[in-house]
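**Student:** Below are the structure tokens for one structure; questions will follow.
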Amino acid sequence: MKNYYHILKKSKPFSGFTQEELDDIISFLNLSPVHFAKGSTVFNQGDLTSRSGILLEGKIIAESVSYSGVRRVIQTLKEGDLFGDVLMYSENQPNPVSTLVKEDSKVVLLDITVLMEKSCNPLCRRMLINILHGLADKFWTLNRKIAYLSCNQMRQKIAMFILDMQKKYGSQTFIVEYSREDLAALLGVNRSALSRELSRMQQEEIISYYKSSFKIENTDKLKACL
Numbered sequence: 001m002k003n004y005y006h007i008l009k010k011s012k013p014f015s016g017f018t019q020e021e022l023d024d025i026i027s028f029l030n031l032s033p034v035h036f037a038k039g040s041t042v043f044n045q046g047d048l049t050s051r052s053g054i055l056l057e058g059k060i061i062a063e064s065v066s067y068s069g070v071r072r073v074i075q076t077l078k079e080g081d082l083f084g085d086v087l088m089y090s091e092n093q094p095n096p097v098s099t100l101v102k103e104d105s106k107v108v109l110l111d112i113t114v115l116m117e118k119s120c121n122p123l124c125r126r127m128l129i130n131i132l133h134g135l136a137d138k139f140w141t142l143n144r145k146i147a148y149l150s151c152n153q154m155r156q157k158i159a160m161f162i163l164d165m166q167k168k169y170g171s172q173t174f175i176v177e178y179s180r181e182d183l184a185a186l187l188g189v190n191r192s193a194l195s196r197e198l199s200r201m202q203q204e205e206i207i208s209y210y211k212s213s214f215k216i217e218n219t220d221k222l223k224a225c226l
């Protein structure tokens, strides 16, 4: 597991853990990487589970299948991403997505039942709190996504998102943590169309940006986009 400490440290459950604390909690919970072959699934849609996973290595996607058989990719997981955490805390709720392994991958699995049973351990309590913080972040993101999707125009969506980031960071300049592809998915727009609209807004001196760094150049113009 030590080969993956740098990944675990950036994952939500182990946020703020020192290397010594990682040693202790991994030994205490007897955690180890689990190998999943390409083409397999970690969790299946419809399953009941008390477990979640952290992607250590490889490529995994979360996918839902509608009643009519239409497949939709919900998320492409990155190393360090926690998945299945919502189901950990729910009772008798089936998994709404399948996690499909696109490349040979390694995952560490966490069981909420075990964490709760061993919550007398302060490191387990910290993990539980960290996971809850992560769920709160996901709820906020979902709440904002609903707000973005309610906008009729792409520029409205972009303006609302940028103003949200300004409020979050308390600055006219900030780093957007989403890739263009992920931002397009969040806003419910086409990636190429998003890039074109951002470019137009920069030409109109409403915003400026370089890669993931954004700056609001004219707040009044930006608010007028809403």
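For what it's worth, my numbering labels the leading residue of the sequence shown as 1, then goes sequentially.
C-beta: ideal position from N, C-alpha, C; glycine also.
Pull the bridge partners of VAL108 from the DSSP assignment, please.
**Tutor:** ILE54
**Student:** Return the chain-ordered list of same chain residues with a C-beta closer than 6 Å to the C-beta of GLN75, the five sequence neighbours on each side being excluded.
**Tutor:** ALA62
**Student:** Under the assumption that VAL108 contacts PRO33 (Cβ atoms under 8 Å), give the Cβ distance between them as a whole number of angstroms.
**Tutor:** 6 Å
**Student:** First and last residue of the alpha helix (DSSP H) that includes THR219?
**Tutor:** 219-224
**Student:** Please look up how many angstroms separate the CB atoms of LYS215 and THR173, rounded, as I've assumed it's under 8 Å.
**Tutor:** Cβ-Cβ separation between LYS215 and THR173: approximately 5 Å, consistent with a contact (criterion under 8 Å).
**Student:** Have a look at SER119, ASN44, ASN218 and flag the residue whose alpha-carbon is nearest the alpha-carbon of SER171.
**Tutor:** Here the closest residue by C-alpha is ASN218.
**Student:** When DSSP builds the beta bridges, which residues end up paired with ARG72?
**Tutor:** SER64
**Student:** Where SER66 and GLN45 are concerned, what is the direct C-alpha to C-alpha distance, given to the nearest angstrom?
**Tutor:** 10 Å
**Student:** Alpha carbon to alpha carbon, how far is ASP24 from ALA147? Give it in angstroms, no decimals.
**Tutor:** 42 Å
**Student:** Which residue's Cα is closest to the Cα of GLU204: GLY188, ALA37, CYS225, LYS145?
**Tutor:** CYS225
**Student:** Tell me whether the beta-carbon of ILE112 lies closer than 8 Å to the beta-carbon of TYR89.
**Tutor:** yes
**Student:** Any contact between the segment 120-139 and the segment 35-50? By contact I mean 3 or more CB pairs, one from each, below 8 Å.
**Tutor:** no
**Student:** First and last residue of the beta strand (DSSP E) that includes TYR4?
**Tutor:** Counting along the chain, TYR4 falls outside any beta strand (DSSP E), and DSSP gives it neither H nor E.
**Student:** Are VAL86 and LEU128 closer than 8 Å when you measure CB to CB?
**Tutor:** no
**Student:** Grab me the residues of LEU1's own chain with a C-beta within less than 7 Å of its C-beta, minus the 5 sequence neighbours each way, in chain order.
**Tutor:** Here residue 1 turns out to be Met, not Leu, going by the sequence shown. Counting only Cβ-Cβ distances below 7 Å, and skipping sequence neighbours, we find ILE26, LEU31, SER32, PRO33.
**Student:** May I have the straight-line CA-CA distance separating SER64 from ALA193, to the nearest angstrom?
**Tutor:** 25 Å
**Student:** Using the Cα positions of LYS118 and ARG125, report the straight-line distance between them to the nearest angstrom.
**Tutor:** 8 Å
**Student:** Between which two residues does the beta strand (DSSP E) carrying SER208 extend?
**Tutor:** SER208 -> beta strand (DSSP E) spans 207-210.
**Student:** According to DSSP, which residues form a beta bridge with SER98?
**Tutor:** GLU63
**Student:** Suppose you measure from the CA of LEU22 to the CA of LEU110; what does that come to, to the nearest Å?
**Tutor:** Going by the C-alpha atoms only, they are around 14 Å apart.
**Student:** Report the partner residues of PHE36 according to the DSSP bridge assignment.
**Tutor:** SER105
**Student:** If I follow the unbroken alpha helix (DSSP H) through LYS192, where does it start and stop?
**Tutor:** For the sequence presented, residue 192 should be read as Ser rather than Lys. Where SER192 is concerned, the enclosing alpha helix (DSSP H) stretches over 191-203.
**Student:** Can you list, in chain order, the residues of its chain with a C-beta nearer than 6 Å to that of SER98? Leave out the 5 residues immediately preceding and following it.
**Tutor:** Result list for SER98: THR41, ASN44, GLN45, GLU63, in chain order.
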